[in-house]
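**Q** The structure's right below; bear with me while I get my questions together.
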Amino acid sequence: MLKEPLLDDNAPWKERFRASVVLSAALADEAPTRGLAVTRAGGVYQLHAWDVPTGTLTPLTDHPEGKLFGTLAPDGKYVYYLEDAGGNEIGHYVRVPFEGGAPQDITPDLPPYASIGFSISRSGARLGLTVADREGFHLHVMDFGPDGEPGMPRALWHGQRLAAGPALSYNGEIAVMASTERSGKPQYSLVAINVESGAVLDDLWDGLETSIEPVTFSPVAGDIRLLAATNRSGVRRPLLWNPRTGERRDLDLADMSGEIIPVDWSSDGGRLLLMHVNQARQQLYTYELESGVLTRLAHPGGSFGAAFFAPGNEILAVWTDATHPQQVIALDGETGALKRTVLAAGEVPDGRPWQSVTFPSSDGTPIQAWLALPEGDGPFPTILHTHGGPTAVELETFDPWAQTWLDHGFAFISVNYRGSVTFGRAFQEQINGDLGHWEVEDMVAARDWVIAQGIAHPDQIFLTGWSYGGYLTLMGLGVRPDLWAGGMAGVAIADWAIQYEDTADTLKGYQVALLGGTPETAAEQYRRNSPITYVERVSAPVLVIQGRNDTRCPARPMVMYEERLKALGKPIEVHWFDAGHVGPRAQVQESIENQERMLRFVYRALFDDARHTKKGGSML
3 MLKEPLLDDN APWKERFRAS VVLSAALADE APTRGLAVTR AGGVYQLHAW
53 DVPTGTLTPL TDHPEGKLFG TLAPDGKYVY YLEDAGGNEI GHYVRVPFEG
103 GAPQDITPDL PPYASIGFSI SRSGARLGLT VADREGFHLH VMDFGPDGEP
153 GMPRALWHGQ RLAAGPALSY NGEIAVMAST ERSGKPQYSL VAINVESGAV
203 LDDLWDGLET SIEPVTFSPV AGDIRLLAAT NRSGVRRPLL WNPRTGERRD
253 LDLADMSGEI IPVDWSSDGG RLLLMHVNQA RQQLYTYELE SGVLTRLAHP
303 GGSFGAAFFA PGNEILAVWT DATHPQQVIA LDGETGALKR TVLAAGEVPD
353 GRPWQSVTFP SSDGTPIQAW LALPEGDGPF PTILHTHGGP TAVELETFDP
403 WAQTWLDHGF AFISVNYRGS VTFGRAFQEQ INGDLGHWEV EDMVAARDWV
453 IAQGIAHPDQ IFLTGWSYGG YLTLMGLGVR PDLWAGGMAG VAIADWAIQY
503 EDTADTLKGY QVALLGGTPE TAAEQYRRNS PITYVERVSA PVLVIQGRND
553 TRCPARPMVM YEERLKALGK PIEVHWFDAG HVGPRAQVQE SIENQERMLR
603 FVYRALFDDA RHTKKGGSML
């Protein structure tokens, strides 16, 4: 049953947004009593130095728009991150001492850059970063002097197409880049480079339509094997590669369905930590390299944002499920049994559980989604959510946004559409060159399924999503306008061609890989795959939340989209905020205000529509 909107300051859904959560965590490789955690300080996500024995967290950043990504040096002495302007993700890498202090620019002589990779060799001898400009992608390396100061960056490798990395060997003598030069698509081969000479040592490619992703080099000095993952069988599987000798070992795990992703290598070099993902459910395993023994770990259900080996034969993991916020837990390194909570999350009001469901799309392809139902009997007004990416996957996770809708009597379904990772190569890459088509087909299939199951009112289904999910919201409203009661798009893509002109250089390469060319060479794809092409067909009301300082989904295409809809007399409201792509979801108060904005939008759409007029007036 639809409930009155809960808008007072102590509403349960607002308490969930305010709860302390640990977004990510890592240990220093050679100093594991020191860690790095991303958690909230004053209502905004910031980087924190983590004293592991005591659990003390010391804030290292204080950015109004939040700071979500950083790298802890292997010796634990410094934390590195990209210092940008207002969250626009263009700037310089800086470092701050673990104890806190002023940031030090480590590349002061380079022009401001967007980056798609940063790493430090385990020995601490060398640093590598990949930056992008209009000429392509460039790998720079820097050597640390005896005083620990980084030297001048030197350009080591250049590629014109999308590239990422580097992975650095123990002493940094070899760098491995993931490059799309061979494919021209978001499918990678590996390029191994001699860091001293700049010469290419070898490359690793599994052929057309395949992709290989580097994970990490061996943690043992003198061992230059790289741990990586290949999808040549159609699903990702681990492999070890020696770029100096060309020797390769693929782990024989053919009897397991789904994807098996390597996530860590034990400090003694003897074991791997593997993540098995099947139908958006995660399961951790350990693998003994010498014996080939695979051990399933008996850990709690839910999902893991990160997992890694830790001292004392433990595995630390950032864990969550639908009703428990992200927190760091310790698992027994042999069995996976839960031992204790290491960094706790805040207490939250009880929420509703999620369940995994599967249904066929228009071409018969099985589509997995997460479904949560409010109290009572359906049919309910329903929120249909799509994740960002597109190369991502929705797992069972604590989501204050979803629980807010459930509190108010809405059903919630989040769809892992075509393009999502972990469902196999064909599923992931079917969208390449034709963005928005199969994804919308899968969204429509989800709509049809929740109606057939008696879950959703046919005329009370709302689309929502952020980033690529925001793009799909706009595409759904334009391509299939008769199916939705409204749409709420956050930091969305409205016009791929204008986006290409304004986006960061790192994203230009990714966009070309996804769409199969530039706006000049693939003009029809850009037109057909852009929401602005379909503005005349939009009939349901639209709410957009967009950043003026966003270089991933720039402002200008949305300005044009808004102007076009208003000129046509279509119902649209756009809320602009002065931050970058992650700004509105990194800040607690901004998140609460945006969720309240969406609640008001949906209730207006439901009760201002003549088909659903509530006697006695609006609920708002």
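Residue numbering for the sequence shown follows the numbering used here, starting at 3 and increasing by one per position. Even glycine gets a Cβ: it sits at the ideal position worked out from N, Cα and C.
1. Leaving out the 5 sequence neighbours to the left and right, which residues in its chain are closer than 8 Å to residue 357 when beta-carbon positions are compared?
2. Where does residue 620 fall in DSSP's three states?
3. Would you list the one or two residues that DSSP bridges to residue 418?
4. Quick check on DSSP: helix, strand or coil for residue 39?
5. Count Cβ pairs between the region 469-484 and the region 430-445 that sit closer than 8 Å; are there 3 or more?
6. Taking residue 61 as the reference, which of 103, 594, 398 has the closest Cα?
7. Mind listing, in chain order, the continuous beta strand (DSSP E) runs of no fewer than 3 residues lying wholly within the region 160-209?
8. For the alpha helix (DSSP H) that contains residue 564, what are its first and last residues?
9. Could you tell me the distance, in whole angstroms, from the CA atom of residue 209 to the CA atom of residue 251?
10. Could you work out which residue in 265, 280, 365, 346 is closest to residue 317 when comparing CA atoms only?
11. Are residue 327 and residue 350 close, meaning C-beta to C-beta below 8 Å?
12. Once you ignore the five residues that flank residue 604 on each side, which residues in its own chain have a CB closer than 7 Å to its CB?
13. Would you identify the three-state DSSP class for residue 396, choosing helix, strand or coil?
14. Could you work out which residue in 347, 276, 129 is closest to residue 168 when comparing CA atoms only?
15. Buried or exposed, going by whether 16 or more other CB atoms sit within 10 Å of the CB of residue 171?
16. So what's residue 465 in DSSP terms, helix, strand or just coil?
17. Spell out the partners DSSP gives residue 508 in its beta bridges.
18. Could you compute how far the alpha carbon of residue 341 sits from the alpha carbon of residue 330?
19. Suppose the cutoff is 7 Å on Cβ atoms and the five residues either side in sequence are ignored; what does the same chain contact list for residue 77 look like?
20. Does the region 153-166 touch the region 49-64, meaning 3 or more C-beta pairs lie closer than 8 Å?
21. In the DSSP assignment, the alpha helix (DSSP H) including residue 481 goes from what residue to what residue?
22. So, do the region 418-435 and the region 180-191 have three or more beta carbon pairs nearer to each other than 8 Å?
23. On a CA-only basis, which of 377, 547, 448, 534 is nearest residue 5? Give me that one, please.
24. To the nearest angstrom, how far is it from the Cα of residue 529 to the Cα of residue 502?
25. Cα separation between residue 619 and residue 10?
26. Thinking C-beta only, is residue 553 closer than 8 Å to residue 90?
27. With distances taken between CB atoms, is the gap from residue 218 to residue 233 smaller than 8 Å?
28. What residue range does the beta strand (DSSP E) around residue 52 cover?
29. Distance, Cα to Cα, residue 481 vs residue 41?
30. Do you know whose CA, among 589, 466, 38, 363, lies nearest residue 57's CA?
31. If we call anything under 8 Å between Cβ atoms a contact, is residue 161 one with residue 138?
32. Distance, Cα to Cα, residue 666 vs residue 462?
33. Grab me the residues of residue 538's own chain with a C-beta within less than 7 Å of its C-beta, minus the 5 sequence neighbours each way, in chain order.
34. Tell me whether the region 257-276 and the region 225-240 touch, counting them as touching only if at least three CB pairs, one residue from each stretch, are closer than 8 Å.
35. Terminal residues of the continuous alpha helix (DSSP H) containing residue 525?
36. Work out the CA separation of residue 12 and residue 578 for me, nearest whole Å.
**A** Taking the definition as stated:
1. 372, 373, 374
2. Confidence at residue 620 is low in this model, with a pLDDT of 42, below 50, so the placement of that residue should be treated as unreliable; the coordinate-derived value is given next. It is coil, neither helix nor strand.
3. 370
4. strand
5. yes
6. 103
7. 165-170, 176-181, 191-196, 202-206
8. 557-569
9. 17 Å
10. 265
11. yes
12. 464, 488
13. coil
14. 129
15. buried
16. strand
17. Looking at the DSSP assignment, residue 508 forms no beta bridge with any residue, so it has no partner.
18. 11 Å
19. 30, 32, 33, 126
20. no
21. 470-481
22. yes
23. 377
24. 13 Å
25. Bear in mind that a pLDDT of 38 at residue 619, under 50, signals an unreliable position, so the number given afterwards is only what the model happens to contain. So the two alpha carbons sit approximately 20 Å from each other.
26. yes
27. no
28. 46-53
29. 39 Å
30. 38
31. yes
32. For residue 666 there is no data in the structure shown, the boundaries of the chain being 3 and 622.
33. 570
34. yes
35. 525-530
36. 26 Å
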